[in-house]
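Everything in the sequence shown is counted per my numbering, starting at 808 for the first residue and increasing by one.
Worksheet: the structure to be examined is printed underneath.
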Amino acid sequence: MAKKPQQPVKRHYSKHQVAKFEAQRKRQRIIFATGLSVIGIVLALVGIGVYKGWYVDQYKPMHTTVLTVGDTKYNVAYFVDALRHFTGGDSQYAYYFIDAVSERIQLNQLMVEKASEMGYTISDDEIDAAIEENSLTDVPAVRDIVRASLLTDKLKTEYFDPQVPQTAEQREALAMLLESENAASDVLAGIITDEEFAAKAAELSLESNTKTDSGSIGFKPAVP
């Protein structure tokens, strides 16, 4: 004979018990709400601390624009990375490189823009390979430096070299250093041949090399 399923027993609470339960639930709601408020306040305070301590003191200054080339802006973090690259990380002499690095960043960007107009670019894969091969730090500033270096080589090989003769007529250049322009004019007035110039340079030049070498400063490409 199958057993009849048992019906759940309904519990009856007195008014006092019901009031007690309601009070407990109310306390739970208050504690929960207060806890969230406290957490919110703590997070807000932490956020303010982070803003004042990290954002204001560290993040914001490093992301302040210090250099603009055309439409491209460079912040402090970028400049520091470029400076670190060119100085080899030696902060002792970093100050003396600031102007040179600033100029290099500008020249690199202008070259990249102009080369792009001419159809010459460097791919990310080429940059990745150069960075890995030379064990460089992979940050935007260094990537741009590598890009400019590779682009310089490409422009020289593919654009400039074909336009420049591999050989050219050479002529020996002669020079002498005298005390003034008037003195130089007086000396040149009495010179007709190279031999005369060489003799005068050996006699009168105030600069040791041209005096010793009779005015010779080596062979230079002939001027058309």
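Ideal Cβ positions, reconstructed from N, Cα and C, are used throughout, including at glycine.
Just so you know, these numbers come straight off a predicted model, no measurement behind them.
Determine the direct distance from the alpha carbon of threonine 974 to that of serine 930, and round the result to whole angstroms. One-based indexing of the sequence shown puts residue 930 at position 123. One-based indexing of the sequence shown puts residue 974 at position 167. Distance between the alpha carbons of serine 930 and threonine 974: 33 Å.
Would a C-beta distance cut-off of 7 Å place alanine 1029 and glutamate 976 closer than the cut-off? Taking the first residue of the sequence shown as 1, we reach residue 1029 at position 222. Taking the first residue of the sequence shown as 1, we reach residue 976 at position 169. Against a cut-off of 7 Å, the Cβ pair of glutamate 976 and alanine 1029 comes out as a contact.
Go through the region 873 to 907 residue by residue and report every complete run of the beta strand (DSSP E) that reaches 3 residues or more, in order. 879 to 882
Can you give me the start and stop residues for the alpha helix (DSSP H) that phenylalanine 1004 sits inside? Within the sequence shown, numbered from 1, the residue matching residue 1004 stands at position 197. 1001 to 1011 is the span of the alpha helix (DSSP H), which, as asked, contains phenylalanine 1004.
With DSSP run on the structure shown, which of helix, strand or coil describes isoleucine 1024? Residue 1024 sits at position 217 when you count from the first residue of the sequence shown. DSSP places isoleucine 1024 in strand when its eight states are reduced to three.
Ordered along the chain, which non-local residues of its own chain (more than five positions away) have a Cβ less than 7 Å from that of isoleucine 998? On the sequence shown, residue 998 is found 191 positions in, with the first residue counted as 1. The answer, listed in chain order, is Phe1004, Lys1007.
Since glutamate 979 and phenylalanine 1026 are thought to touch, with beta carbons under 8 Å apart, how far apart are those beta carbons, to the nearest angstrom? In the sequence shown, counting from the first residue as 1, residue 979 sits at position 172. In the sequence shown, counting from the first residue as 1, residue 1026 sits at position 219. Yes, they are in contact, since the Cβ atoms of glutamate 979 and phenylalanine 1026 sit about 5 Å apart, within 8 Å.
Please state whether DSSP places glutamine 970 in a helix, a strand or coil. Here residue 970 refers to the residue found at position 163 when the sequence shown is read from its first residue. If DSSP states are grouped into helix, strand and coil, glutamine 970 belongs with the helices.
Less than 7 Å separating the beta-carbons of methionine 983 and threonine 928? Taking the sequence shown and counting its residues from 1, one reaches residue 983 at position 176. Taking the sequence shown and counting its residues from 1, one reaches residue 928 at position 121. Contact: no.
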